[in-house]
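Numbering-wise (this note's numbering), the sequence shown opens with residue 1 and increments by one. Cβ coordinates follow ideal geometry from the N, Cα and C atoms, glycine included.
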Amino acid sequence: MLAIAAAELGFRTVVFCPETDCPASQTTNDHIVSPYDDDSALDRFISLCDVITYEFENLSLQMVQYVEKSKPVYPSSKALEFTQDRLFEKQFLQEQGIKTALWHAVDDISSLVSGLSQLGGRGLLKTRRFGYDGKNQMMLNHPNEETLEKAFTAFKEQASILEEIVPFLSEISVLSARTKQGEHIFYDCPENQHQNGILHKSFVPSRIPLSVQKAAQEISATVMDALNYVGVLCIEFFVLMDGSLLVNELAPRVHNSGHWTQKACVTSQFEQHIRAICGLPLGSTYRHSNCEMTNLLGSNLQDFKYYLTQERTSVHLYGKSLLQPTRKMGHVIQLTGPVTKSKQ
């Protein structure tokens, strides 16, 4: 979708990835198939590019730093360093005075036991890296010692983080963009619904008051400025019963909860990201319709045939070759009515 947005602005694109049939290769001008640690292939990739971006965090920081020595990379390796490691991310947010759920670093069984004790016996154990869509995380509720050992073993004794279980009212996202000159722009905050740790649905307008959304956007601006961020950033928030906010996690990229912008906004998040990293003026985030985005997983992929029959509905399939029940295979965007705003 980034490659399509780039093409619509007249840019040529090249994708670098290990897979021969990745979805992006269907829409780019060139495709380099190589392991990420192949320097000669990276050098060829670098030679073809004027500006470089990435669309997921599970990359080698050293690789991004290597590329960054030759060509501009947005978001920067600094942004990646803080957002690909949950511990570094929590520490960074803490340094900015931004609230998160309580947490404890876990390096062994002893630190896991200590963290659980301080959190009242309940917590969510997550690996520091390579966790998304509910992967590499486990709910712990007053476990015995045997259960703890099994939990840590299941994570292959990876460095992890134990988070407080937050009784939240709702989950929202802030989708924002920042230019190299420090200009910020924000989309309306979608409200998100998850099933089994995977985003199921995002909708706008959110039921959360505009004042709370504005506070979340101010936090996002603080984060972007601290990282000297360039491009689209998504921050997922917990909204608590009293209207206060906790940052759940950062995503240094276009985000699933922003896919609705493709059909409900003047400028999609994908075009916005390309504009930001290529030094173009940011586009309008005006939302012209109420909207709902629903993910299509391997388990419900065949529902796309039904959605194709519905009015004011668009279906977006990714062309992934490997079908798995919990893998995101596409999404559906439904325009649900004339634009209305969240309440004050």
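What do you reckon, are the CB atoms on residue i and residue j nearer than 8 Å?
{"i": "Ile235", "j": "Val315", "result": "no"}
{"i": "Glu271", "j": "Leu9", "result": "yes"}
{"i": "Thr127", "j": "Val247", "result": "no"}
{"i": "Ser257", "j": "Ser220", "result": "no"}
{"i": "Asn290", "j": "Val339", "result": "yes"}
{"i": "Leu169", "j": "Leu240", "result": "yes"}
{"i": "Pro72", "j": "Ile52", "result": "yes"}
{"i": "Lys320", "j": "Asn295", "result": "no"}
{"i": "Leu282", "j": "Pro252", "result": "no"}
{"i": "Thr285", "j": "Phe186", "result": "yes"}
{"i": "Leu116", "j": "Leu140", "result": "yes"}
{"i": "Ile109", "j": "Phe152", "result": "yes"}
{"i": "Leu227", "j": "Ala79", "result": "yes"}
{"i": "Leu42", "j": "Tyr74", "result": "no"}
{"i": "Ile172", "j": "Gly123", "result": "no"}
{"i": "Leu48", "j": "Val14", "result": "yes"}
{"i": "Leu250", "j": "Thr83", "result": "yes"}
{"i": "Leu162", "j": "Leu125", "result": "yes"}
Buried or exposed, going by whether 16 or more other CB atoms sit within 10 Å of the CB of residue i?
{"i": "Ser160", "result": "buried"}
{"i": "Phe56", "result": "exposed"}
{"i": "Ala6", "result": "buried"}
{"i": "Met224", "result": "buried"}
{"i": "Gly279", "result": "exposed"}
{"i": "Gln217", "result": "buried"}
{"i": "Lys69", "result": "exposed"}
What would DSSP say about residue i, mapped onto helix, strand or coil?
{"i": "His194", "result": "strand"}
{"i": "Asn256", "result": "helix"}
{"i": "Asn300", "result": "helix"}
{"i": "Val223", "result": "helix"}
{"i": "Thr261", "result": "helix"}
{"i": "Ile98", "result": "coil"}
{"i": "Phe92", "result": "helix"}
{"i": "Glu57", "result": "coil"}
{"i": "Ser244", "result": "coil"}
{"i": "Lys201", "result": "strand"}
{"i": "Ser268", "result": "coil"}
{"i": "Phe238", "result": "strand"}
{"i": "Val232", "result": "strand"}
{"i": "Leu250", "result": "strand"}
{"i": "Ser76", "result": "coil"}
{"i": "Ile208", "result": "coil"}
{"i": "Glu171", "result": "strand"}
{"i": "Thr20", "result": "coil"}
Using only the alpha-carbon positions, how far apart do residue i and residue j sit?
{"i": "Asp303", "j": "Met293", "result": "14 Å"}
{"i": "Arg178", "j": "Ala276", "result": "7 Å"}
{"i": "Ser114", "j": "Gly120", "result": "10 Å"}
{"i": "Leu297", "j": "Leu199", "result": "10 Å"}
{"i": "Asn300", "j": "Asp188", "result": "28 Å"}
{"i": "Leu61", "j": "Ser342", "result": "39 Å"}
{"i": "Leu322", "j": "Asp242", "result": "43 Å"}
{"i": "Gln334", "j": "Arg312", "result": "6 Å"}
{"i": "Leu59", "j": "Glu146", "result": "34 Å"}
{"i": "Gln344", "j": "Trp260", "result": "23 Å"}
{"i": "Thr309", "j": "Asp85", "result": "42 Å"}
{"i": "Phe238", "j": "Leu210", "result": "15 Å"}
{"i": "Pro167", "j": "Gln158", "result": "27 Å"}
{"i": "His194", "j": "Gln181", "result": "35 Å"}
{"i": "Thr222", "j": "Lys150", "result": "39 Å"}
{"i": "Pro35", "j": "Ser25", "result": "15 Å"}
{"i": "Asp107", "j": "His142", "result": "19 Å"}
Per the DSSP calculation, residue i is bridged to which residue(s)?
{"i": "Ile185", "result": "Ala177"}
{"i": "His331", "result": "Asn295 and His316"}
{"i": "Ser289", "result": "Pro338"}
{"i": "Asn141", "result": "Arg122"}
{"i": "His31", "result": "Val15"}
{"i": "Lys305", "result": "Per DSSP, none; premise fails for Lys305."}
{"i": "His104", "result": "Leu162"}
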